[in-house]
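Have a look at the structure below, then the notes.
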Amino acid sequence: MKVLMVCLGNICRSPLGEGILRHLALEQGLNWEIDSAGTSNWHVGHPPDARSIKVAREHGIDISGLRGRQFQVADFDHFDRIFVMDLDNYRDVLSKARSAHDKNKIQLLLPDQQAVPDPWYDDNLFEPVYQMIYKACETIVKAGK
């Protein structure tokens, strides 16, 4: 399975999603390809936010080597599933879809139209965001086994 995690800047939430999902998939012996991207181009080539690196490291996951990139239409061709962090990300990715097949690959990471809050402006959100993403990734791994 090939999975893409998407948020706005690809430095807070989606790198956490990439790192957590990769960690859980490897623990289960799953040979998945996992990547992340942002809908904006603000942080292309940049490492994840230091606070995301820190919270991941506190949980035994190293995301420091990841680099930001922008979502591309070609990602629809490469990935089986595209998980977005909030409704704005959903709309942005959906606007690039070329077909129903592309659209069917996109879904919110959390159930029931819930958004993963952007922790960029609130240091206290990084741990709760990590936990939300971790639980969602556990569900993805269980469903994909």
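Residue numbers for the sequence shown follow full-length UniProt numbering, so the first one is 1 and each next one is one higher.
Note that beta-carbon positions come from the ideal geometry of N, C-alpha and C, so glycine has one too.
Here Glu33 is exposed. Its C-beta has fewer than 16 other C-beta atoms within 10 Å. If you draw a 10 Å sphere on the C-beta of Gly19, you find 16 or more other C-beta atoms in it, and that means buried.
Fully enclosed beta strand (DSSP E) runs of no fewer than 3 residues occupy 2-7, 33-38, 81-84, 106-108 of the UniProt domain "Phosphotyrosine protein phosphatase I" (1-143), in order along the chain. A direct Cα-to-Cα measurement between Glu58 and Arg51 gives close to 11 Å. With a contact defined as Cβ atoms closer than 8 Å, Val93 and Val84 qualify at about 6 Å. The C-alpha of Arg98 is placed about 30 Å away from the C-alpha of Met132.
Taking each of Pro15, Asp102, Leu125, Ile82 in turn and checking the Cα distance to Leu108, the smallest one comes out for Ile82.
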